[in-house]
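Undergrad: My structure is below; once you've seen it, I'll send some questions.
Protein chains: 2
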Amino acid sequence: MTQDGRRLRGLRSREAILEQAVGLASVEGLDGLSLGRLATATGTSKSGFFAHWRDKEQLQLDAVDWAGRQWAERVVAPAMQAPAGVRRLFALHEARLRFYGEGVLPGGCFFFAVQAEFDDRPGAVRDRVARALREWQEFIRRQVAQAMALGELAESVDAAQLAYEIDALGEMVIIHSRLHDGPASLVHSRRAVLQRLRTLCPDPTLLPED
Amino acid sequence: MTQDGRRLRGLRSREAILEQAVGLASVEGLDGLSLGRLATATGTSKSGFFAHWRDKEQLQLDAVDWAGRQWAERVVAPAMQAPAGVRRLFALHEARLRFYGEGVLPGGCFFFAVQAEFDDRPGAVRDRVARALREWQEFIRRQVAQAMALGELAESVDAAQLAYEIDALGEMVIIHSRLHDGPASLVHSRRAVLQRLRTLCPDPTLLPED
DNA sequence: CAGATATACAAACGATCGGTCGTTAATGTA
DNA sequence: TACATTAACGACCGATCGTTTGTATATCTG
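Residue numbers (the working numbering), protein chains in the order written: chain A, 842 to 1051; chain B, 842 to 1051.
Spelled out as structure tokens, the structure:
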């Protein structure tokens, strides 16, 4: 093996720290997360972080990337196994709800917490978050367009509009499930998207009834 | 006049401080808002706050109430002038979008910022926020039920489900408009709710076409 | 093996945090 | 008029914040 000592250990602890950081940030935000608490949670020292990152902002930027990769692996990738079109579109929404429902992150959703924190605070972190969310929104829009091309959605559909609605109904789960409804929010969100797609789909049998 | 001196001045500055606090909290959250910055913004001293509130949490609780009153005056009240039923329901959504679009609060929406901050943090503030949002959700649900009773919405409608969808599409505007789309988000949100209501309404002429 | 590099730490820095204390002056009450 | 209350302040407290410095050591590179 080429490297089994310092380098690998460094990578490992780097990954471990980022995982903890993303988890904690999903609860208290990326700025609300203090280096002191992160050190306690990872069982290391505050000053040790500066061997990996120049300052807190660099750590925040890497945390955003890490959360994006986690989302790609745990939400996007599973959904891509469904056949392209309206089924994949709904699989995407269900994978998202599963991600929330399983409590993968203690705060529910990293990006929700972070965008609420940084939407009014200019800077590199805000730009990185905005880009990630723009790519996600654009990804949904492409799935809608593909479903239209396959004839699985009415031609009258406005792809950007439908993508906006699906994303809104997904994002809303975090707010509602944590603050009052609990699991009822998941049901509402699932049903809303399902019925919306079934209405627009010439062949509703492609989708579950309920 | 019964009081024109110390008492009234106290009330005035109390209100002025709360207004500033709600505005700042819509940007950086209720906890992200520090007493030092609030003092600077209001042109007073930190220690002066403790003549009005026992500690920061009491100020936060009053800020939640103040924001709730502002919402009632600037969103609910105007919408109540529309005739009951599906028109009032849509007027409610439009009043909300107007509130956001006019930039009444520098951060867009107080409750959005605060619920993202406190949804995972037990305590009195979280409970107060949760109650306010539950009442708001319940208020929308009653408007849906009333529209159904008036025969302006199909009987097959699930009131809680529709209320959830309308609220989700309203809340989402804050995220999207601040982080990427800008005004396009307002258009998407308006259209989504309008078309949803028109589909469910036996007499779509009650609502604008677009 | 020698020297550079990478990982990690404890200790301390100035700044800022929420909060306390003592004081002053204006006002309301008896 | 005498006294209690209220609004507001400056000075200061201990805690915590992000960050810097210096140091020790394990690992790579030559």
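Think of the CB as a built atom: it goes at the ideal place given N, C-alpha and C, for glycine as much as any other residue.
1. Give a yes or no on whether 8 Å exceeds the smallest Cβ distance from residue 860 of chain A to chain B.
2. Identify, in the order they occur along the chain, each residue of the same chain with its Cβ nearer than 7 Å to the Cβ of residue 883 of chain B, setting aside the five sequence neighbours on each side.
3. Go to residue 908 of chain A, then tell me how far its alpha helix (DSSP H) extends in each direction, as first and last residue.
4. Whole angstroms is fine: what's the gap from residue 976 of chain A's alpha carbon to residue 924 of chain A's?
5. According to the neighbour-count rule (16 or more other Cβ atoms, all chains shown, within 10 Å of its Cβ), is residue 951 of chain B buried or exposed?
6. Use the C-beta contact count for residue 948 of chain A: other C-beta atoms within 10 angstroms, 16 or more gives buried, fewer gives exposed.
7. Since residue 901 of chain A meets chain B, which of its residues come closer than 7 Å, beta carbon to beta carbon?
8. With 16 other CB atoms within 10 Å as the buried threshold, where does residue 886 of chain B fall?
9. CB residue 1038 of chain A to CB residue 917 of chain A, shorter than 8 Å?
10. Tell me which residue opens and which closes the alpha helix (DSSP H) that residue 959 of chain A is part of.
11. Taking a contact to mean a Cβ-Cβ separation below 8 Å, would you say residue 1030 of chain A touches residue 1013 of chain A in this structure?
12. When the distance is taken between beta carbons, is residue 865 of chain A closer than 8 Å to residue 879 of chain A?
13. Which value, in whole angstroms, describes the spacing of the CA atoms of residue 1023 of chain B and residue 1017 of chain B?
14. Compare the beta carbon distance of residue 871 of chain B and residue 904 of chain B with 8 Å and say whether it is the shorter of the two.
15. Under a CB-based cut-off of 8 Å, is residue 946 of chain B close to chain A?
16. In chain A, which residues lie less than 7 Å from residue 941 of chain B when you measure between Cβ atoms?
17. To which residues of the same chain is residue 1007 of chain A closer than 7 Å at the C-beta, ignoring the five residues directly before and after it?
18. Any residues in the stretch 974–991 of chain A with a beta carbon nearer than 9 Å to a beta carbon of chain B? Which ones, in chain order?
19. Return the first residue and the last residue of the alpha helix (DSSP H) that residue 894 of chain B is part of.
TA: A quick look at the data gives this:
1. no
2. 857, 858, 861
3. 897–912
4. 21 Å
5. buried
6. buried
7. Within 7 Å Cβ-Cβ: nothing; residue 901 of chain A doesn't reach chain B, min ~15 Å.
8. exposed
9. no
10. 951–959
11. yes
12. yes
13. 7 Å
14. yes
15. no
16. Result: empty, since nearest Cβ-Cβ is about 12 Å, beyond 7 Å.
17. 934, 981, 1034
18. 974, 975, 978
19. First-last for residue 894 of chain B: undefined, no H or E at that position.
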